[in-house]
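**Q**
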Amino acid sequence: MRLSPLLVPLVLCIASSATAAPSFWDAVRDPSRARVERALTQALRAREPREIPPEALDLLSEEERAALALRAVAILQEAGGEALNDPEVSFFLGDSLVLADHGQDEEARRILRRALAAQPDSPEAAHAWFQVGIASNRLRQFDAERAAYSSALRLQWDRNQRSTIYMNRGEAGMSLGLLKEARADYEAALALTDDSEIHALSAWGLAVALARDEDLPDALRRAWEASQFRFRDPEGNAVSALELPGVFYTPDYEVYFYRALGAMAAAEHADKAEERKTELEWAVSQWQRYLAEARPAGDRWTSNVEFHLTWCQRRLGKR
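End of the sequence shown = 330 in the numbering used here, gap-free, step of one.
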């Protein structure tokens, strides 16, 4: 489970320069700069249309955000894209490609790395490294993903953004089987954040890491803690952190591990035998769905999941 946050810091930074139109004399002195400014302004307005109030932008679905980002990509590419040879364009183009999630992650990563090489100390650098991590995750290159988050941490000092990076790096570590390192990253995220969403997601991640590291009692404790948080989705429905917009799973069937662990924790806290039975049966169904997809994929956690499935089945037998 990873979190892909909104790209507000990058957009605001670019907006400060891109929305100020060059003067006549600026254009005379450097016509190419005027072209860059126009392209960035148009791309920014494509991602943040003026007809949509800022508060409404926060309520857009992931698909709607992706569509707006794809419009920005088209504008920049038509204006010249990388040929404009401007780091600001590269930062914004690479960022928009990642947000668009249109199967161009290799190109996005290459463009962002080029921008980072040109301006390693740019205000956009920390966010760009984070997006390199997201693109690397989609490419299933988890070593590169984890390294990108480490680079982002060296540049990012906002507590909650650091927490998000630690949380995603913990997930990348889990994908590599580095459970000790993953646990340390989740604990760092929990220690830093004062944001309830990041806290809940980090607690969920830590619960899964503990379960995979054969520490089921602490895993269930953390899963119960995480499951107590409730949030509102864009439609106003009460959801757990696992269903929040921007949360995604690699591979997709990973979500069953989280749901099963949450059900096991709920069974441990149920007051009535029938409630315990219902939660355990739900956990069994989620473990079985995980295994149905994990076994053909050669998933590294298959034996661990089989243990948890047996644990649930035995408790159902006892009841």
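A virtual CB, placed ideally from N, CA and C, is assigned to each residue, including glycine.
What is the rounded straight-line gap between the Cα of P33 and the Cα of R121?
**A** Residue placement at P33 is poorly supported in this model, since its pLDDT is 48, which falls under 50; the coordinates are not used for a value here.
**Q** In or out: A278 buried (at least 16 other Cβ within 10 Å) or exposed?
**A** buried
**Q** Compute the distance between the beta-carbons of A234 and A276, then report whether it is under 8 angstroms.
**A** yes
**Q** If you measure between the beta carbons of A57 and L71, is that distance less than 8 angstroms?
**A** Using a Cβ distance threshold of 8 angstroms, A57 and L71 do not count as a contacting pair.
**Q** Three Cβ pairs or more, each shorter than 8 angstroms: is that satisfied between the segment 241-260 and the segment 279-294?
**A** no
**Q** Where does the unbroken alpha helix (DSSP H) through G181 begin, and where does it stop?
**A** Run containing G181: 170-186, per the alpha helix (DSSP H) assignment.
**Q** Tell me the rounded alpha-carbon separation between A85 and R165.
**A** One C-alpha to the other measures close to 32 angstroms.
**Q** Please classify G144 as buried or exposed, where buried requires at least 16 other C-beta atoms within 10 Å of its C-beta.
**A** buried
**Q** Can you tell me which of the three DSSP states R151 falls into?
**A** coil
**Q** Report yes if the CB atom of L369 is closer than 8 angstroms to the CB atom of L81, and no otherwise.
**A** In the structure as shown, the chain starts at 12 and stops at 330, and residue 369 therefore has no counterpart that could be examined.
**Q** Do V219 and L302 have their C-beta atoms closer together than 8 angstroms?
**A** no
**Q** So for A240, helix, strand or coil by DSSP?
**A** For the sequence presented, residue 240 should be read as Phe rather than Ala. Note: F240 maps to coil in three-state DSSP.
**Q** If distances are taken between C-alpha atoms only, which option among E236, L227, G184 comes closest to S207?
**A** E236
**Q** Work out the CA separation of D244 and V39 for me, nearest whole Å.
**A** Residue placement at V39 is flagged as unreliable, the pLDDT there being 46, under the threshold of 50; the coordinate-derived value follows with that caveat. So the two alpha carbons sit approximately 50 angstroms from each other.
**Q** Whose C-beta lies closer than 8 angstroms to the C-beta of R300 among residues of the same chain, with five residues either side of it excluded?
**A** Y264, Y267
**Q** How big is the Cα-Cα spacing for R287 and L150?
**A** Spanning the two alpha carbons is a distance of roughly 40 angstroms.
**Q** Assign W215 to one of two classes, buried (16 or more other C-beta atoms within 10 Å of its C-beta) or exposed (fewer than that).
**A** buried
**Q** Touching or not, the segment 45-61 and the segment 113-133, by the rule of three or more beta carbon pairs under 8 angstroms?
**A** In this structure the segment 45-61 does not lie against the segment 113-133, because fewer than three pairs of beta carbons, one per stretch, are closer than 8 angstroms.
**Q** Put L203 into one of helix, strand or coil per three-state DSSP.
**A** Here L203 carries a helix assignment [DSSP, helix/strand/coil].
**Q** In terms of alpha-carbon separation, which member of G188, L189, Y177 lies closest to L201?
**A** Taking each of G188, L189, Y177 in turn and checking the Cα distance to L201, the smallest one comes out for Y177.
**Q** So that I know if they touch, is there some Cβ in chain B lying closer than 8 angstroms to that of W293?
**A** Chain labels in this structure do not include chain B; a single protein chain is all it has.
**Q** Taking the C-alpha atoms as reference points, what is the distance between A274 and D69?
**A** If you take the alpha carbons of A274 and D69, they lie about 31 angstroms apart.
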